[in-house]
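A short write-up of the structure that comes next.
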Amino acid sequence: FSATGLCLILTRQVEKGTAITMHLQLPYNSQLLDIRGIVRHRSGFHHGIEFISLTRESKELLERTSKILGLLT
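Residue numbering for the sequence shown follows the numbering used here, beginning at 1 and increasing consecutively.
Shown next as structure tokens:
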């Protein structure tokens, strides 16, 4: 997980370049996010997703969550 994307393990393979919509609840936050992403990398069932079309609020929340998770590692 980062402020710009994440890695997902999915139960089916999704082709590179496919746009997806995700409904996420981030750690340490009760707000649900609807985020669009695009599959940039795929290896088997592992998918690298880049977030796209973020609102300013979503971007700030993702950046804050990324920083918090970075402190925990």
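Every residue gets a Cβ at the ideal spot worked out from N, C-alpha and C, and that includes glycine.
Report task. Compute the Euclidean distance between the alpha carbons of residue 47 and residue 65, then round it to the nearest angstrom. Result -> Against the sequence shown, residue 47 aligns to sequence position 47. Against the sequence shown, residue 65 aligns to sequence position 65. For residue 47 and residue 65, the distance between alpha carbons rounds to 20 Å.
Report task. In angstroms with no decimal places, state the Cα-to-Cα distance between residue 38 and residue 17. Result -> For the purposes of this step, residue 38 is identified with residue 38 of the sequence shown, where counting begins at 1. For the purposes of this step, residue 17 is identified with residue 17 of the sequence shown, where counting begins at 1. C-alpha separation (whole angstroms): 6 Å.
Query raised in the report: Excluding the five sequence neighbours on either side, which residues of its own chain have a C-beta within less than 7 Å of the C-beta of residue 52, listed in chain order?
Result: Against the sequence shown, residue 52 aligns to sequence position 52. Closer than 7 Å at the Cβ level, and outside the excluded window around residue 52, lie 36, 37 and 38.
Query raised in the report: Can the beta-carbon of residue 62 be found less than 9 Å from the beta-carbon of residue 54?
Result: For the purposes of this step, residue 62 is taken as residue 62 along the sequence shown, with counting starting at 1. For the purposes of this step, residue 54 is taken as residue 54 along the sequence shown, with counting starting at 1. Yes, they are a contact pair.
Requested in this report: Could you give the DSSP three-state label for residue 55: helix, strand or coil?
Outcome: Reading the sequence shown from its first residue, position 55 is the one you call residue 55. DSSP places residue 55 in coil when its eight states are reduced to three.
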